[in-house]
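Encoded as structure tokens, the structure appears first; notes follow it.
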Amino acid sequence: MLKSIFVATLFFNILATASAVANPLALFVEQCLQYQPDLGQDKLVSFQSVEQQAVEFEKRTLALNNINDRIQYYRPFANDSLNRQGLLWCQLHLADELYALATATNTQRLIDQLLQLRPPYDQLGQRLVAIRESQWELIQKSKLHSAQASNNQALSQQQFTMQFNQPDCALTNELNADSNNTNIEIRIAKYLLKQPNEHCRKQAWLAYQIRAKDKQASALALIHQLQQQHAIAQDYDNSAQAQLSLHDLTPQLLTQFLASQTINLDIAPWNIANALSRVSNSSTIKPIATDAFLQKIFESLKALDLKFEFITVGDARVDHSKIDKTTSPSDSQQNSLSDTQLIRVWHQQRLMGEIFTYTQDEQHDPLNVDSQLIKQTVIGHQFGQYSLNFPSQLTHVKQQQKLINALSRAIVSLAQGRQFYFLTNRAQNTEAHAIATQWLAYYLEQQLNLPKLSKRHRLVAQYQQQLWVFRAKVSLAFYQYKGDFKGAQQEVWLSHNQSLSTAFEQSFGLPWPNATDAIFSYQAIANQGINHYLPLWQTALAQLIIAKTPAQISPNEIFDLLVVNETHLTLNDQLERLIGLPIDPHSLIRRFKHAGTTQE
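Our numbering puts the first residue of the sequence shown at 65, with every later residue one more than the last.
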């Protein structure tokens with residue numbers, strides 16, 4: 065354990081103990097920082113079989129993984145810098161424990177034995193190998209996290225002012241009333257909407273992209289240097305090559321993929337607000353109670369052998385009169401959803417887990433739809449739990465879509481439960497989880513026959529898609545670059561301005577002469593690295609499955625294969641059964657293009 069982390073542990077212990085009664089989050093941070101897993105690695109070898117050793121390994125690491133998930137669950141509730149910093153140190157503490165676990169001698173011995181067994185044991189071994197190889201030395205990892213935190217903090221600052229060298233670009237009347245608003249994102253959005261002069265809008269947008277450049281530059285340079293050193297230590301030429309190799313891709317293949325996803329909207333980012341104001345927004349529908357809409361979803365899911373048991377929870381105690389062991393899931397569906405705070409999800413008489421529901425108070429809460437993992441399903445060890453938040457009424461098609469997506473994420477997470485956490489959790493199983501979620505959401509939208517989104521919402525989606533594509537191209541250029549960002553070598557990096565400006569123009573119709581400045585405009589380049597492209601790839605795969613799966617394969621069969629996957633098929637095996645060969649990355653990119661998988 066690093067001395068700096070130990071000091072932080074003492075610091076947060078003192079603060080958390082003082083405020084634990086009033087602040088449950090502080091208590092959680094305190095308990096997390098004190099957590100020391102009893103892995104007992106020396107005792108694993110006492111079991112007679114490797115399979116038994118794997119089960120014991122799961123038991124002894126499950127608490128660590130559950131705490132890690134709880135960090136993500138609590139993150140939206142961390143409203144002040146102390147709580148956010150506490151969660152960060154908690155995450156670093158668990159990362160240190162995982163590092164010790166992954167590099168332990170007996171873990172290596174267990175991995176070697178697992179790789180010789182049948183699924184899912186060999187898959188667990190492969191996943192542990194991937195985790196081990198992704199681990200960083202503690203000092204390097206500490207530097208990386210500190211640099212990422214510095215970059216995030218710089219971008220999250222709202223105390224910026226809008227000043228104009230050209231008096232004609234100032235909007236005195238429209239924005240004076242908003243002068244006390246410290247949220248720069250709101251102020252720049254209003255300016256871009258109100259300013260009729262395109263030249264002024266462009267200058268304001270470009271200035272906003274580099275608002276924190278001076279504070280970010282050294283942090284981003286350090287992140288690039290650390291990633292490059294890590295890649296070279298693994299015998300790769302650059303960090304883009306190293307990270308893409310985990311997904312059987314190369315920088316050249318990623319370039320081809322991003323080209324296939326590029327569409328010229330012919331609307332520059334500084335003009336998008338103006339363009340949206342001229343497009344109709346007719347997605348308002350006759351309001352429907354969220355309870356009634358959820359009932360329609362649950363009815364549609366019956367065809368997939370899913371059933372839902374509604375349970376009322378009062379005063380933090382479950383009403384056991386409604387949870388008699390003789391009660392079947394179908395009987396419980398007669399309960400009113402409006403009284404429900406917990407939904408048990410069943411598949412073919414097997415309990416998969418629970419969803420806690422929270423109806424938002426329209427007078428106090430922002431009306432939004434969201435879902436969040438509480439605890440991951442691990443067969444034989446624990447049932448999964450998810451939270452689902454929603455307003456009492458849905459008034460837009462977009463809200464209906466969000467609720468479908470949120471519920472789909474929850475169901476997929478509960479249904480994809482395996483007997484080992486590392487084969488189940490979304491963070492370790494990103495691709496399979498994302499593809500299954502998008503397929504299930506599409507299935508529900510078709511079953512419910514949702515109205516089409518308004519032209520405005522479709523334009524927003526297309527714009528966001530192209531912004532994602534462009535930023536993925538920027539990330540690729542940044543992590544392929546092997547030089548420095550200061551001195552004489554800085555000019556080498558700035559020589560990328562032309563190619564990135566062309567990439568910007570391919571999506572938005574106008575050039576960005578200093579397009580290398582884009583690295584200062586979004587957090588993902590520091591936090592996700594080259595993997596910023598992954599959601600695009602996952603969406604393209606999901607759309608290919610939807611478009612190319614033969615009609616004779618029923619939705620029920622697709623659900624069993626793609627979501628439940630009891631036979632432990634790899635993603636390649638699933639793709640082969642659903643869309644047929646070839647499924648190598650080069651062929652998939654070609655098939656994406658011909659199937660028209662660019663998101664609309």
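All C-beta atoms, glycine included, are put in the ideal place defined by N, C-alpha and C.
Keep in mind it's a predicted model, so treat the numbers as computed, not measured.
Does DSSP put Ala234 in a helix, in a strand, or in coil?
Looking at Ala234 - three-state DSSP - the assignment turns out to be coil, as it is neither helix nor strand.
With DSSP as the reference, label Asp434 as helix, strand or coil.
The answer is strand: DSSP assigns Asp434 an E or B state.
Can you give the Cα-Cα distance for Ala297 and Arg196, rounded to whole angstroms?
Cα to Cα, the separation comes out at about 14 Å.
Starting from Glu418, trace the beta strand (DSSP E) in both directions and tell me its first and last residue.
Element bounds for Glu418: Arg414 to Thr423.
Which of helix, strand or coil DSSP assigns to Asn629:
Here Asn629 sits in coil by DSSP.
Any beta carbon of chain C sitting closer than 7 Å to that of Ala276?
You won't find chain C in this structure, because it holds only one protein chain.
Mapping DSSP to helix, strand and coil, what is Val377?
Looking at Val377 - three-state DSSP - the assignment turns out to be strand.
Same chain only: Cβ atoms within 7 Å of Phe584, ignoring 5 sequence neighbours per side:
Cβ within range, chain order: Gln273, Ile274, Ala276, Lys277 and Gln280.
In terms of residues, what are the limits of the beta strand (DSSP E) holding Ile407?
Taken as a continuous stretch (DSSP letters only), the beta strand (DSSP E) holding Ile407 covers Leu406 to His411.
Given this structure, state the Cα-to-Cα distance separating Gly644 from Thr603, to the nearest angstrom.
Cα-Cα distance, rounded: 18 Å.
Please name the residue, chosen from Leu431, Ile407, Arg414 and Asn432, that lies closest to Phe420 on a Cα-to-Cα basis.
Proximity to Phe420 across Leu431, Ile407, Arg414 and Asn432 peaks at Ile407, based on C-alpha coordinates.
Quick check on Ile78: buried or exposed, where buried means 16 or more other Cβ atoms within 10 Å of its Cβ?
Because the pLDDT of Ile78 is 40, which lies under 50, any placement of that residue in the model is unreliable, and the number read from its coordinates should be weighed accordingly. Using a 10 angstroms sphere on the CB of Ile78, the tally of other CB atoms stays under 16, which defines it as exposed.
Within a Cβ cutoff of 7 Å, which residues of the same chain sit near Ala474, ignoring the five residues on either side of it in sequence?
In chain order, Ile419, Ser435, Tyr450 and Leu452 place their CB closer than 7 Å to the CB of Ala474, counting only its own chain and leaving out the 5 sequence neighbours on each side.
Euclidean distance between Cα positions of Gln100 and Ala164:
Looking at the backbone, the Cα of Gln100 and that of Ala164 are separated by about 11 Å.
Opposite Gly444 in the DSSP bridges: which residues?
BP columns for Gly444 are empty, so no partner.
Distance between Leu574 and Met416 (C-alpha atoms, nearest Å)
Their Cα atoms are separated by approximately 50 Å.
Rounded distance between the beta-carbons of Ser214 and Ala283, thought under 8 Å:
Contact flag correct, Cβ pair sits at about 4 Å.
With a Cβ-Cβ cutoff of 7 Å, do Leu256 and Ala337 count as a contact?
Between Leu256 and Ala337, the CB-CB gap stays under 7 Å.
According to DSSP, is Thr171 part of a helix, a strand, or is it coil?
Thr171: helix per DSSP, three-state reduction.
First and last residue of the beta strand (DSSP E) that includes His460?
For His460, the enclosing beta strand (DSSP E) starts and ends at Gln457 to His460.
Closest to Gln221 by C-alpha separation, out of Ala353, Ile250 and Gln190, would be which residue?
Considering only alpha carbons, the answer is Ile250.
Among Glu120, Asp581 and Gln465, which residue has its Cα nearest to the Cα of Leu558?
Per the Cα distances, Asp581.
Assuming Ala611 is part of the alpha helix (DSSP H), what are its boundary residues?
It spans Leu598 to Lys612 - the alpha helix (DSSP H) in which Ala611 sits, taken as one unbroken run.
Looking at the structure shown, is Phe623 part of a helix, part of a strand, or coil, going by DSSP?
Per DSSP, reduced to three states, the secondary structure at Phe623 is helical.
Classify Asp176: buried if its beta carbon has 16 or more other beta carbons within 10 angstroms, exposed otherwise.
Exposed, because fewer than 16 other Cβ atoms sit within 10 Å of the Cβ of Asp176.
Check Tyr450 in the structure and name its three-state DSSP category.
Reduced to three states, the DSSP call for Tyr450 is strand.
Ordered along the chain, which non-local residues of its own chain (more than five positions away) have a Cβ less than 7 Å from that of Phe568?
Excluding five sequence positions before and after Phe568, the CB atoms of its chain that fall closer than 7 Å to its own CB belong to Phe534, Pro575, Trp576 and Ala579, given in chain order.
Arg490 by DSSP, collapsed to three states: which one?
Note: Arg490 maps to coil in three-state DSSP.
According to DSSP, is Pro351 helix, strand or coil?
Three-state result, Pro351: strand.
With a Cβ-Cβ cutoff of 7 Å, do Asp622 and Asn636 count as a contact?
The identity of residue 622 in the sequence shown is Ile, whereas the question assumes Asp. In this structure, the beta-carbon distance from Ile622 to Asn636 does not fall below 7 Å.
Exposure label - Gly189; buried when at least 16 CB within 10 Å:
Answer is buried; the Cβ neighbour count reaches 16.
Burial state of Pro140, where buried means 16 or more other Cβ atoms lie within 10 Å
The Cβ neighbour count for Pro140, taken over all protein chains shown within 10 Å, is under 16; the residue is labelled exposed.
Please classify Lys439 as buried or exposed, where buried requires at least 16 other C-beta atoms within 10 Å of its C-beta.
Looking at its Cβ environment, which holds 16 or more other Cβ atoms inside 10 Å, Lys439 is buried.
Check the C-beta distance from Ser477 over to His497 and give it rounded, since I have them as a contact under 8 Å.
With a Cβ gap of about 7 Å, Ser477 and His497 count as contacting.
By the 10 Å Cβ neighbour count, where 16 or more other Cβ atoms means buried, how is Tyr422 classified, buried or exposed?
Note on Tyr422: under 16 other CB atoms within 10 angstroms of its CB, so exposed under the neighbour-count rule.
Could you tell me the distance, in whole angstroms, from the CA atom of Ile131 to the CA atom of Val193?
Answer to the nearest angstrom: the Cα atoms are 22 Å apart.
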